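Last residue of the sequence shown? That's 470 in the UniProt record's numbering, and every number before it is there in order.
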Amino acid sequence: MGRQKGDAARTKSRPSSSSLAASLLTSASSSSAATAAAAVGFGGYVGSSRLDPSPSTDDSLPFPDVDSEIAVHLKRLGRKDPTTKLKALAALSVMLQQKSTKDIVLIVPQWAFEYKKLLMDYNREVRRATHDTMTTLVTSIGRDLAPHLKTLMGPWWFAQFDPASEVSQAAKRSLQAAFPAQEKRLDALILCTTEIFMYLEENLKLTPQNLSDKATALDELEEIYQQVISSTLLALATLLDVLICQQERPGFENITAEPKHAAKARETAVSFAERLLIDHKNFLDFLKSQRPAIRSATYSVLKSLIKNIPKAINDGNIKALAGAILGAFNEKEPTCHHSMWDVILLFSRRFPDGWTSINVQKGILNPFWNFLRNGCFGSQQISYPALVLFLDSVPPKAIEGDKFFLEFFKNFWIGKRTSLSPDRITFFQAFKECFLWSLKNASRYKLSLSLQLSAFRRHIHFCTRPWTSL
Numbered sequence: 001m002g003r004q005k006g007d008a009a010r011t012k013s014r015p016s017s018s019s020l021a022a023s024l025l026t027s028a029s030s031s032s033a034a035t036a037a038a039a040v041g042f043g044g045y046v047g048s049s050r051l052d053p054s055p056s057t058d059d060s061l062p063f064p065d066v067d068s069e070i071a072v073h074l075k076r077l078g079r080k081d082p083t084t085k086l087k088a089l090a091a092l093s094v095m096l097q098q099k100s101t102k103d104i105v106l107i108v109p110q111w112a113f114e115y116k117k118l119l120m121d122y123n124r125e126v127r128r129a130t131h132d133t134m135t136t137l138v139t140s141i142g143r144d145l146a147p148h149l150k151t152l153m154g155p156w157w158f159a160q161f162d163p164a165s166e167v168s169q170a171a172k173r174s175l176q177a178a179f180p181a182q183e184k185r186l187d188a189l190i191l192c193t194t195e196i197f198m199y200l201e202e203n204l205k206l207t208p209q210n211l212s213d214k215a216t217a218l219d220e221l222e223e224i225y226q227q228v229i230s231s232t233l234l235a236l237a238t239l240l241d242v243l244i245c246q247q248e249r250p251g252f253e254n255i256t257a258e259p260k261h262a263a264k265a266r267e268t269a270v271s272f273a274e275r276l277l278i279d280h281k282n283f284l285d286f287l288k289s290q291r292p293a294i295r296s297a298t299y300s301v302l303k304s305l306i307k308n309i310p311k312a313i314n315d316g317n318i319k320a321l322a323g324a325i326l327g328a329f330n331e332k333e334p335t336c337h338h339s340m341w342d343v344i345l346l347f348s349r350r351f352p353d354g355w356t357s358i359n360v361q362k363g364i365l366n367p368f369w370n371f372l373r374n375g376c377f378g379s380q381q382i383s384y385p386a387l388v389l390f391l392d393s394v395p396p397k398a399i400e401g402d403k404f405f406l407e408f409f410k411n412f413w414i415g416k417r418t419s420l421s422p423d424r425i426t427f428f429q430a431f432k433e434c435f436l437w438s439l440k441n442a443s444r445y446k447l448s449l450s451l452q453l454s455a456f457r458r459h460i461h462f463c464t465r466p467w468t469s470l
């Protein structure tokens, strides 16, 4: 997840992949294996009984129907130290290539339980190795994965958004090993839509205190919590884009035909999203998080909601959302600014009345002027090109034209003092674009001739000064 303690900080082959993919949409199997898998709850329980009852000794085997060698290593996945987990995962990967499909299928319910826990491990090498083992497992059992898919797909989708790139890439490889074709991966998401949303919903209820049932250092718990919440929010945002936005499906751009059951999945996604927006108070508490990764992911969720479910923004929540989104210029963390700008621009275009639902000067402009004076808090390469887009999204009735643009160019100019040399080129280009845009749209904002001349003089002054004096 972040730093590692005692270790370093990343098989696509699969016979008969089409047979597994074809079985997905008919996975309402009546087999006993399917029934048992469906009964496994979020915490790994069947009814009131846990799947892995506590053994009396370290060497006793809690899985009487499972191959004894595999059972030993499954049990070791529950240990606390990462070295033991890594060894167990490595051993399982070897054994899964040697055992019969019949032997492997028996371990899937218990593997699903351990898989969910391992994805939230502090050690990124453990998480990466978990996906390597998952790749081996799905390659080995082929079509027999189908009855267990709904149990696995929630955490599997969540894992695609792990903050450690080597972990997320390993998660993607495991999903691609199970479903090599984009169409089949989308079919799997559609088939398991409800289960994925239920898993993400449970994750959003977690706190640092209830993340672990073992003695874990507070700093590790905090980092695990950041990873889980930010990854869950990104998984939620992308899932909404995939299921609802038919024109832009991230990761599934080559699919043009409407998949079977897509309409039902879309309806389910809208229902869950609207409920989550209410239950989590418009996600505004996440925007107040001290953790930049969580704030950035929250901006992404809000953007996805505005884009895909605009009806969720209504008279009851537009004021709160306008204050949080249009007032986001208080955000000082540069890593958040890309997603911040995305949601600001989209909200401003889709809901121009949001501007007038709050105090524009206090809630939007004062933070914005401060943002400009401070050189966009270090995100010049991202923020300067966005400024002309922002000007274009500002509703004329929400501002006083002359006053707004005087303040804009004045504070924009002040901000150049914080820019490094590469950023000054970006500054010049952005200043030029904004200046030309203001001239072209002067009538739209009823700008006076004196303001236009003032902006022109400032622009010429900037263009003729030596770079070394800027």
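We put the beta carbon where it would ideally sit given N, CA and C, even for glycine.
What you are looking at is a predicted structure, and each value in this text was computed from that prediction instead of being measured.
The segment 328-348 makes contact with the segment 295-312, as at least three CB pairs between them are under 8 Å. Under the three-state reduction of DSSP, Gln160 is assigned to coil, being neither helix nor strand. Of the residues Cys192, Ala215, Phe371, the one whose Cα lies closest to the Cα of Ile414 is Phe371. With the rule of 3 Cβ pairs closer than 8 Å, the segment 197-206 counts as touching the segment 271-291. Judged by beta-carbon spacing, Ser296 lies within the 8 Å limit of Thr335, meaning their Cβ atoms are closer than that value.
A contact is defined here as three or more CB-CB pairs under 8 Å, and the segment 164-182 meets this definition with respect to the segment 118-137.
For Arg350, the uninterrupted alpha helix (DSSP H) run begins and ends at 337-350, by DSSP. With distances taken between CA atoms, Ile107 lies nearest to Leu145 out of Leu145, Asp402, Lys307.
Under the 10 Å beta carbon count, Pro310 is surrounded by fewer than 16 other beta carbons and is classified as exposed. By the neighbour-count criterion, in which a residue is buried when 16 or more other Cβ atoms sit within 10 angstroms of its Cβ, Glu267 is exposed. Apart from the 5 residues on each side of it in sequence, Leu234 sits with its Cβ closer than 7 Å to the Cβ of Phe161, Ala297, Ser300 in its chain, given in chain order. By the Cβ test, the segment 204-219 is not in contact with the segment 90-99, since fewer than three Cβ pairs between them sit closer than 8 Å. Comparing C-alpha distances from Ile399 to each of Leu137, Gln381, Ile358 shows the shortest one belongs to Ile358. Here the alpha carbons of Phe351 and Asp392 stand approximately 14 Å from one another.
Using a Cβ distance threshold of 8 Å, His337 and Ser379 count as a contacting pair. Rounded to the nearest whole angstrom, the CA to CA distance from Phe431 to Gln226 is 37 Å.
Around the C-beta of Leu439, fewer than 16 other C-beta atoms lie within 10 Å, and the residue is accordingly described as exposed. Nearest Cα to His73 within the set Ala90, Asp219, Phe390: Ala90. Here the alpha carbon of Thr193 sits roughly 42 Å from the alpha carbon of Pro396. Our two residues, Glu333 and Phe283, have alpha carbons roughly 19 Å apart in a direct line. In chain order, Glu333, Thr335, Cys336 place their CB closer than 7 Å to the CB of Pro292, counting only its own chain and leaving out the 5 sequence neighbours on each side. Residue environment analysis places Ser140 among the buried positions, since at least 16 neighbouring C-beta atoms fall within 10 angstroms of its C-beta. Distance from the Cα of Arg373 is smallest, within the candidate group Glu274, Arg417, Ala112, Ala164, for Arg417.
Taking every protein chain shown into account, the CB of Val242 has 16 or more other CB atoms within 10 angstroms, so this residue is buried. In the assembly as shown, Thr83 is an exposed residue. Its beta-carbon has fewer than 16 other beta-carbons within 10 Å. Across the structure, Ile244 and Arg185 are spaced so that their CA atoms are roughly 16 Å apart. Excluding sequence positions up to five before and after Leu287, its CB lies within less than 7 Å of the CB of Arg295, Thr298, Ala324, all in the same chain and listed in chain order. Counting along the chain, the unbroken alpha helix (DSSP H) around Gly354 starts and ends at 353-356. Under the three-state reduction of DSSP output, Ser300 falls in the helix class.
DSSP, reduced to helix, strand and coil, places Asn366 within a helical segment of the structure shown.
In the DSSP annotation of this structure, the continuous segment of the alpha helix (DSSP H) that includes Ser165 starts and ends at 165-178.
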